[in-house]
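Data first, discussion second: the structure below is written as structure tokens.
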Amino acid sequence: MAGKLLIIGTPIGNLADLGQRALAGLAEVDIIACEEPNETKKLFYHYQIPFPKRFIKCNDGNEKGSANGILKLLERGETVGLCSSAGMPGISDPGYRVLSTALENSIEIDIIPGPSALTTALVGSGLASSSHLFLGFPPRRPVRQAKLLEQEKKSQHTLIFYLSPRHIKEFLSLAQEVLGDRDGCVAKDLTKQYQQFFRGKLSEILLTLGEEAFRGEAVVLIAGFDKRKKAEEEEEHPFNRLPIPRRG
């Protein structure tokens, strides 16, 4: 009889955010597949959960191979818990290949939801949350970043990105150049003691950040295109609609 795959959401900062179902799931599984065993073991130490038979690595570099190995364990009847180092597996973290491989092979799946930087930042940003577009980590090269932003220039959804600390200010400057000086938010150290939200126009956020030091990943949110506001601005400045005279 095949085993079961548990997708377990884990805290993004504050260990007290681990839910009762997640605690029970971690205690139930035979094997934990996770990005970094030493990080996941902190939960076991903190909550005094007995260790499973094995911890195995499943990260961006080896997920394809890990998915096949995890499938074999599941087919042998093992119960496997899949965790990322923080948050929900599969949301800009390893997990998609493992989950899809299990589903393709009719393995029983159970999802134990947990904290997410995406939803935490969106709610705390003060930006429209009813319609949003999560774009994960943007491309590394500024040229490709600019192309992505240009593609979403007329999108009316709140745009959400994950960024590493050293790229935040450059990305905000580029976003202001491509999208205009829209409302935005940068959320850092979510659920931790020094959690911060930087809200305002992109230009204001850049000024506020100044020499701010960042650790870990941050969430960057940018207001969507506002057709009504654009129309009002054009109404205030009717010369913007005047045709450009042709020469000759």
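If you read the sequence shown in my numbering, its first letter stands for residue 1144, the second for the next number, and so on. All residues carry an ideal CB built from backbone N, CA and C; glycine is no exception.
A straight-line Cα-Cα distance of about 15 Å links I1151 and K1185.
Along the region 1164-1229, the beta strand (DSSP E) occurs as fully enclosed runs of 3 or more residues at 1174-1177, 1197-1200, 1223-1226, listed in sequence order. Going by beta carbons, T1301 and S1259 fall outside the 9 Å limit. If you look at F1314, you'll find it isn't in any beta strand (DSSP E); it sits in the alpha helix (DSSP H) that goes 1311-1322. In this model, R1342 and I1255 are separated by some 32 Å (Cα to Cα). A1176 and S1209 do touch by the CB rule: their CB atoms are close to 6 Å apart, below 8 Å. DSSP lists V1362 as the beta-bridge partner residues of Y1305. A residue is called buried when at least 16 other Cβ atoms come within 10 angstroms of its Cβ; I1252 does not meet this threshold and is exposed. With fewer than 16 other Cβ atoms from the protein chains shown falling within 10 Å of its own Cβ, Q1163 counts as exposed.
Leaving aside the five residues that flank V1266 on each side, the residues in its chain whose CB is nearer than 7 Å to its CB run, in chain order, S1272. Nearest to R1284 by C-alpha distance, out of E1313, I1155, R1240, P1308, is E1313. Fewer than three beta-carbon pairs drawn from the region 1235-1247 and the region 1331-1348 are found closer than 8 Å, and the two stretches are therefore not classed as touching. Annotated three-state conformation of A1264 is helix, per DSSP.
D1173 is a Cβ neighbour of E1221, given a cutoff of 9 Å.
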